[in-house]
Structure formats: C-alpha cells, structure tokens
Amino acid sequence: MPLFKARVFVSLRPSVLDPAGEATRAAAGRLGVKGLEKLRIGKAVELEINASDEEQARNQLELLSEQLLANPVIENWDLEIESVNSRKIA
Amino acid sequence: MSIGVVVFPGSNCDRDIAWAVNGCLGMKTRYLWHETRDLSGLEAIVIPGGFSYGDYLRCGAIARFAPVLESLVDFVAEGRKVLGICNGFQVLTELGILPGALTRNKNLNFICDEVDLEVSTSRKDWFPKSFSGDNIKLPIAHGEGRYQCSKETLDNLLDNDLIALRYLKNPNGSLSNIAGITNCSGNVFGLMPHPERACDGQLGGLDGQEILKSLIS
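These protein sequence lines map, in sequence, to chains A and B. Add 312 to the 1-based position in the first sequence for the numbering used here, that's all there is to it. Add 1236 to the 1-based position in the second sequence for the numbering used here, that's all there is to it.
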C-alpha cells in the first residue's frame, strides 16, 4: 500500500477569542516587531498513513480531523496530503 | 443502588466526590475505571474534575473515546442522571451529550477561587427546592472554562431553559456568563464549579450538597 504524508492545521474559528495569540502579539510588540495586526495560534499535526489510494487516505484523515483532531464547535481544520511513492512501510 | 464515579488516568477530583457523596451525604459510591463497561446497579454517575488522559489535544478530547463512556451514552439515553464537573463538563461537551465547548480562560489564568452563581433555570432536575433565582457560592479551579457555542445553540439553551448556573461576576469570559447547562431531558448536568468541594462544613460552604443530593431524585 502506498504511503501518504499529510498535515492537518487546526485553528480557532475566527469568531472565537484567542487569548494566547493576543498575549503573544503583545510580546511581539515588546520585542520591537512593528505593524503586527493579527497573531492567532493553532496546531499542526503531521501524519503518515498507508492507504490503497489518495481518496481512501483522505477519507480516513477527514474522519480523524473532524472527530478527534479538531472540535468543530470552536475550531476549523485544513488538510494537506501528498503521496510518498519512493517509500514503503514494511 | 449507588453512585458511580468515573476514574480516568489524570482524574484528580474522584476521591473528593466520593468523600462528598459518601462521607458527607451517606450515599454509596463505586469507582468506575475508564476501561469498564459495566454500569449495572448504578443510580447515577459523576464524571469528576482533573486532567483526563493529560488533557492532551484538547480538554476531554481523548476521554471521549473511553470504554466507560460508550456505556454512559446508553445510560444517558435511559434517562439516568449524569453529572459532569469541570473536566467532566468538558468531556460531556466533547462527547456531544451537552452542546458547546469549553476553551481557554479569557485572561489566560488558571483561576482557583470561590464564585457567586445564580441558579438561572426554573427546572427542578438539579435544584429541587425551587432554588430558581437564588444565589449560591461554589469553588472553581480551571484554566479552560470559557463556555463557547454558536448563536443557534445559545438560542436553544435559552428557549428550553437549559442554562442552570450563571456567574454573577464572569471570571473566564464564558458566553452569557454560563457556568453550567443541562441537556434537554434534564438528566445530564455539566458545570465548571465544584459542588463536591462545598459539602463538608469543615471546609466552608455547603451549597454543593443540594446538587449532589439531586443525583438520587
């Protein structure tokens, strides 16, 4: 089965306040970084998955993202996927 | 019949609940390790505070897949009572048994305090002595207690009188000052404050007693 590499970005929905992002933005100002209008903190999850094809990999990773990696009540997620043809998992 | 107290790896209020329910109120309790599916002989279940499975990923996100909670979904469907306190409330929202989500406090602090709350529901499921409109005082201890939900969910909570407790002085940025909500049937109650820490006269207030007594009514 081919191996696919994927990355899921989880971010707070734009309507949800991100106090950690706000605190970091304030620190950026103290560092001397100017003009920073927005800083919001999310999570990146790196994955590798064996699947018969990209569609199957995508289906599995969408299930994972929607049901576990993100909480759709407060978070959005975005999936990037690529096949790794040169590598095989034993 | 006894009261089940769920124990996840990382729970830290399970013994406090057993002390309050058994030691202070004289009801039998039984600990439920997260791997059990056997909920037979239980009148009601409490999901305690703490940091289930280290609260990795999000608070309550991993606990949601515990075997004991698969059985709990059926338990709830049978109309039996379930009380989720603090991390237990977070777990119930992750499970989808209660709507909304709890996220990081607005001021980023872990808040350990005693707060004044208004009993804002007129439903009697958890406040039998017509507590409606009364104020009670309970301890809080959380870093991620800011209740969030969509406009539709909030309307639904309001229309069905499901907001059980509200902060008089909002400590964490919760939407609509929400400290605790019930499901539509009224048998599930999730709240961030700790009623089990207000049951022993030697520790201060006793306002938590009525909530825990409601487990068996």
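By construction, the Cβ of each residue, glycine as well, lies at the ideal position given by its N, Cα and C atoms.
Excluding sequence positions up to five before and after C1420 (chain B), its CB lies within less than 8 Å of the CB of N1396, L1398, all in the same chain and listed in chain order. In the displayed model, P1407 (chain B) falls within coil according to three-state DSSP, outside both helix and strand. Interface annotation, N1413 (chain B): not in contact with chain A, CB-CB separation never under 8 Å. Shortest Cα-Cα distance from I1447 (chain B) to any of B:G1437, B:H1430, B:G1440, B:F1301 involves B:H1430. Annotation: I361 (chain A) has no Cβ neighbours in chain B at a cutoff of 8 Å; minimum Cβ distance is about 18 Å. Residue-level contact check: I386 (chain A) touches chain B, since one or more beta carbons of chain B fall below 8 Å from its beta carbon. Separation of E358 (chain A) and V322 (chain A) (C-alpha to C-alpha, rounded to the nearest whole angstrom) is 11 Å. The beta strand (DSSP E) runs lying completely inside the segment 1239-1324 of chain B and spanning 3 residues or more are 1265-1269, 1278-1283, 1317-1321, given in chain order.
Looking only at A:E387, A:A332, A:I393, the smallest Cα-Cα distance to E367 (chain A) is reached by A:I393. Boundaries of the beta strand (DSSP E) around I1376 (chain B): 1371-1378. Ranked by Cα distance from A1377 (chain B), the options B:L1390, B:A1337, B:G1324 are led by B:G1324. Between N1345 (chain B) and the set B:G1409, B:L1374, B:G1290, the nearest pair of CA atoms involves B:G1409. The three-state reading of DSSP puts V320 (chain A) in strand, counting E and B together. According to DSSP, W389 (chain A) shares a beta bridge with A:V322. Excluding residues up to 5 positions away in sequence, S1307, F1311 lie with their Cβ nearer than 6 Å to the Cβ of L1275 (chain B) in the same chain. Taking D1436 (chain B) as reference, the option from B:V1242, B:P1245, B:G1262, B:M1237 with the minimal CA-CA separation is B:G1262. From the listed residues B:P1375, B:S1412, B:E1380, B:V1424, the smallest Cα separation to D1252 (chain B) is found for B:P1375. The beta-carbon distance between V1243 (chain B) and H1270 (chain B), rounded to whole angstroms, is 7 Å. This is short enough to meet the 8 Å contact definition. Counting along the chain, Q368 (chain A) sits inside the alpha helix (DSSP H) bounded by residues 366-376. In the structure shown, K1387 (chain B) adopts helical secondary structure according to DSSP, grouped into three states. DSSP, reduced to helix, strand and coil, places G1426 (chain B) within a strand of the structure shown. The beta carbons of L1319 (chain B) and L1401 (chain B) sit no closer together than 8 Å. Under DSSP, G344 (chain A) forms no beta bridge with any residue. Contact check for C1385 (chain B) against V385 (chain A) passes: the beta carbons are separated by less than 8 Å. When Cβ-Cβ separations below 8 Å define contact, C1385 (chain B) makes contact with chain A.
Close CB contacts of K1317 (chain B) within its chain, under the 7 Å cut and outside five residues either way in sequence, are with A1280, N1423, L1451 (chain order). Only buried fits E1354 (chain B), as 16 or more other CB atoms lie within 10 angstroms of its CB.
The beta carbon of E1330 (chain B) falls within 8 Å of a beta carbon belonging to chain A, placing the residue at that interface. In this structure, G1285 (chain B) sits away from M1237 (chain B), with a CB-CB distance that is not shorter than 8 Å.
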